[in-house]
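*Asks:* Residue numbers 213 to 458, in my numbering, belong to the letters of the sequence shown in order. Take this structure first; my questions come after.
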Amino acid sequence: MLEGKNALVTGASRGIGRAIALELARQGANVAVNFAGSEDKAQAVVEEIEQLGVQSVKVQANVADENDAKTMVKEVVSQFGGLDILVNNAGINRDNLLMRMKEDEFDQVIDTNLKGVFQCTKAVSRQMMKQKGGRIINVSSVVGVSGNAGQANYTAAKAGVIGLTKSTAKEFASRNILVNAVAPGFIETDMTDALTDEQKDGMLSVIPLEKLGKPEDVARVVRFLASDDANYITGQTINIDGGMVM
Ligand code: NAD
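Next comes the structure, spelled out in structure tokens:
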């Protein structure tokens with residue numbers, strides 16, 4: 213499905229990013245694994261990808277930093293010879309009630325989750341324009357659509373990602389660069405591991421499919437958006453949430 217394509221997935225050493233990186237590789241793409249934390253985990257993903265018979269490389273970069281983003285894209289292009297697919301997946305949360313939320317907690321989340329998407333998108337844009345095509349897939353969240361108490365910073369960033377997706381889709385359409393977003397609901401990863409059983413039960417009660425999602429549920433939709441099957445789709449956000457937000 214993606215043979216001969218070159219992809220970069222941010223925050224790909226674990227969770228949803230790792231699942232996306234592996235899924236794209238399974239479909240034949242060479243995949244660059246961006247990481248900010250553990251190099252060992254990123255290396256493990258690189259090795260898993262290489263075992264699938266495609267190329268992989270790990271690239272350390274803070275997605276919110278302009279120079280890091282530019283250098284990361286340069287490294288990937290020099291390694292693979294091009295870049296066709298960018299998945300902006302890296303994200304953090306710093307949950308708190310608005311009245312208690314520190315400015316720093318707000319800034320950190322906006323920086324990584326929203327500015328990071330801007331920086332990486334900008335960094336790949338020239339290359340994709342030169343190649344006369346590309347796919348950018350941004351990982352938003354259903355709470356960016358619905359809002360969520362205790363997550364004013366996170367929901368503002370994720371709603372921002374949806375707006376950024378639409379504007380970029382309009383700007384890049386004439387260059388055959390398609391930009392879409394996915395909005396996962398509650399997906400079982402390290403990010404949701406910290407939740408108590410009570411919080412998980414509360415979530416299940418609002419999910420019509422009555423189960424939490426898996427990283428692979430998100431990865432398969434990203435793979436579709438990266439493929440030729442999605443040639444006529446741009447500027448869209450697809451909820452992957454078991455029917456939570458309709
Ligand atoms: P995770 O914490 O397991 O993974 C996030 C990854 O991003 C980590 O590898 C982390 O090192 C990396 N990262 C963080 N800051 C970075 C930075 N500045 N530069 C580069 N990398 C950075 O979380 P996850 O659950 O796999 O989440 C992945 C994405 O999916 C995030 O954008 C998250 O907001 C979104 N999402 C998750 C859920 C969920 O339920 N898990 C739901 C909706 C959306």
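Yeah, the Cβ is synthetic: ideal placement off N, Cα and C, and Gly gets one too. Remember, predicted model here, so these are calculated numbers, not experimental data.
1. Indicate whether V289 and S268 have their beta-carbon atoms separated by less than 8 Å.
2. Given N365, which residues of its chain have a CB within under 7 Å of its CB, disregarding the five upstream and five downstream residues?
3. DSSP state of G216, grouped into three classes?
4. Measure the beta-carbon distance from G425 to V351 and round it to whole angstroms, keeping in mind my assumption that it falls under 8 Å.
5. Sorted by chain position, which residues of the same chain lie with C-beta nearer than 6 Å to L310's C-beta, five sequence neighbours on each side aside?
6. Taking N242 as part of the beta strand (DSSP E), name the residues at either end of that continuous run.
7. Name the DSSP beta bridge partners of K378, please?
8. Following the continuous alpha helix (DSSP H) through S358, name the residue where it begins and the one where it ends.
9. With H, G and I counted as helix, E and B as strand and the rest as coil, what does DSSP make of P396?
10. Measuring only from the beta carbon, is D319 closer than 7 Å to any heavy atom that is part of the ligand NAD?
11. Considering just the uninterrupted stretch of the alpha helix (DSSP H) at S337, what are its terminal residues?
12. Counting only beta-carbon atoms, is Q239 nearer than 8 Å to chain D?
13. Please tell me whether, using a cut-off of 7 Å, the distance from the CB of R435 to the nearest non-hydrogen atom of the ligand NAD is below it.
14. Under the rule that 16 or more other beta-carbon atoms within 10 Å means buried, what is K370, buried or exposed?
15. Run through DSSP, which three-state label would S290 get?
16. Nearest by alpha-carbon distance to N242: which of S358, E278, I297 and K253 is it?
17. Per the DSSP calculation, N451 is bridged to which residue(s)?
18. Output the distance between the C-alpha atoms of L416 and K423, rounded to the nearest integer angstrom.
19. Straight-line CA distance for A256 to Q263?
20. With a threshold of 6 Å on Cβ separation, who are the neighbours of G346 within its own chain once the five nearest residues in sequence on each side are excluded?
21. Among the residues of its own chain, which have a CB less than 6 Å from the CB of T367, if the five just before and after it don't count?
22. I'd like to know whether the C-beta atoms of N301 and I232 end up nearer to each other than 8 Å.
23. Following a CB-centred definition, is F384 positioned closer than 7 Å to any heavy atom of the ligand NAD?
24. Determine the contact status of I349 and V434, defining contact as a CB-CB distance below 8 Å.
25. What residue range does the beta strand (DSSP E) around A348 cover?
*Replies:* In brief:
1. no
2. R306, M313, E317, F318, V321 and I322
3. coil
4. At roughly 13 Å, the Cβ-Cβ gap does not stay under 8 Å, so G425 and V351 are not in contact.
5. A364
6. N242 to F247
7. Answer by DSSP bridge pairing: none, since K378 is not bridged.
8. V355 to S358
9. strand
10. no
11. G328 to K342
12. Protein chains in the displayed structure number just one, and chain D is not present.
13. no
14. buried
15. helix
16. I297
17. A395
18. 6 Å
19. 11 Å
20. D296, M340 and I389
21. V355, G356, G359 and N360
22. yes
23. no
24. yes
25. Contrary to the premise, residue 348 reads as Ile rather than Ala in this sequence. From DSSP, the beta strand (DSSP E) with I348 extends over G346 to V351.
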